[in-house]
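Trainee: Residue numbers (our numbering): 0 to 163. Before I ask anything, here is the structure I am working with.
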Ligand SMILES: [Zn+2]
């Protein structure tokens, strides 16, 4: 993805109040490997259930605030992130809900989905088994996963921005 700066990130948030956006902590942007990201996602260290996700939609950054469910899934079962579709141990996937943009969100209307708990789908899709076990070139596999991830992230935020 194209790099984002602090003001782009703060002005991208579509589903939070101005106060929430001002209080939002940012990750270390200079440490981000932008070329290996489909979206930028991070958890809030001061409010651990809170998370943030920003991606580009054409030339416009779109960001959302998410809240993780405090409930944990039964250990031992596996769960799948709806964005990167990677099956993982249940503890590494969390149910997140995002308020809808605008009045609907202020009225308590949310959209929920299972996402990698650390909001780092871009890292996990780049982990691939040894090349000998693969039917395709590893770079091709990552490119396909990245394309799927980006399109699912875009439809998730499109759903949040949809006005009823
Ligand atoms: Zn994921």
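Positions of the beta carbon are idealized from the N, C-alpha and C atoms, including for glycine. Owing to the predicted nature of the structure, the values given are computational and were not obtained by experimental measurement.
From 78, 73, 113, pick the residue whose C-alpha is nearest to that of residue 65; which is it?
Mentor: The count along the chain shown starts at 1 and reaches residue 65 at position 66. Residue 65 has its Cα closest to that of 113, out of 78, 73, 113.
Trainee: Tell me whether residue 29 sits in a helix, a strand or coil according to DSSP, three-state version.
Mentor: Translated into positions along the chain shown, residue 29 becomes position 30. Looking at residue 29 - three-state DSSP - the assignment turns out to be helix.
Trainee: Grab me the residues of residue 98's own chain with a C-beta within less than 6 Å of its C-beta, minus the 5 sequence neighbours each way, in chain order.
Mentor: The count along the chain shown starts at 1 and reaches residue 98 at position 99. Only 14, 104, 109 meet the Cβ criterion.
Trainee: To the nearest angstrom, how far is the alpha carbon of residue 137 from that of residue 58?
Mentor: Taking the first residue of the chain shown as 1, we reach residue 137 at position 138. Taking the first residue of the chain shown as 1, we reach residue 58 at position 59. Distance between the alpha carbons of residue 137 and residue 58 is about 29 Å.
Trainee: What would DSSP say about residue 3, mapped onto helix, strand or coil?
Mentor: Numbered from its first residue, the chain shown carries residue 3 at position 4. Here residue 3 sits in coil by DSSP.
Trainee: Does residue 109 come out as helix, strand or coil in the three-state DSSP assignment?
Mentor: Counting from one through the chain shown, the residue named residue 109 turns up at place 110. It is a strand residue.
Trainee: Flag residue 82 as yes when its Cβ comes closer than 7 Å to any non-hydrogen atom of ligand 1, and as no otherwise.
Mentor: Position 83 of the chain shown, counted from the start, is the residue given in the question as residue 82. Correct: residue 82 has its Cβ closer than 7 Å to ligand 1.
Trainee: Assign residue 44 to buried or exposed, taking buried as 16 or more other Cβ atoms, counted over all protein chains shown, within 10 Å of its Cβ.
Mentor: The residue you call residue 44 lines up with position 45 of the chain shown. Exposed, by the Cβ-count rule.
Trainee: Where do the ends of the alpha helix (DSSP H) carrying residue 138 lie?
Mentor: Working through the chain shown from its first residue, we reach residue 138 at position 139. It spans 137–160 - the alpha helix (DSSP H) in which residue 138 sits, taken as one unbroken run.
Trainee: Taking the alpha helix (DSSP H) that residue 56 falls in, what are its first and last residues?
Mentor: Counting from one through the chain shown, the residue named residue 56 turns up at place 57. Per DSSP, residue 56 belongs to no alpha helix (DSSP H); it is in the beta strand (DSSP E), 49–56.
Trainee: Hey, out of 134, 125, 85, whose CA is closest to residue 32's CA?
Mentor: Taking the first residue of the chain shown as 1, we reach residue 32 at position 33. Nearest C-alpha to residue 32: 125.
Trainee: With a 10 Å radius around its C-beta and 16 neighbouring C-beta atoms as the bar for buried, classify residue 84 as buried or exposed.
Mentor: As a working mapping, residue 84 is identified with position 85 in the chain shown. Exposed, since its Cβ has fewer than 16 Cβ neighbours within 10 Å.
Trainee: How many Å lie between residue 12 and residue 41 at the Cα?
Mentor: Counting from 1 along the chain shown, the entry for residue 12 is found at position 13. Counting from 1 along the chain shown, the entry for residue 41 is found at position 42. The straight-line gap from Cα to Cα measures roughly 14 Å.
Trainee: Could you check what DSSP says for residue 100 in three-state terms: helix, strand or coil?
Mentor: Looking up residue 100 in the chain shown gives position 101. Correct three-state label for residue 100: coil.
Trainee: In the DSSP assignment, find the beta strand (DSSP E) that holds residue 77 and state where it starts and stops.
Mentor: The sequence position of residue 77 within the chain shown is 78, counting from 1. Looking at the DSSP string, the run of the beta strand (DSSP E) that includes residue 77 is 77–79.
Trainee: For residue 154, does the count of other Cβ atoms within 10 angstroms reach 16, so buried, or fall short, so exposed?
Mentor: Translated into the one-based positions of the chain shown, residue 154 becomes position 155. Residue 154 should be labelled exposed.
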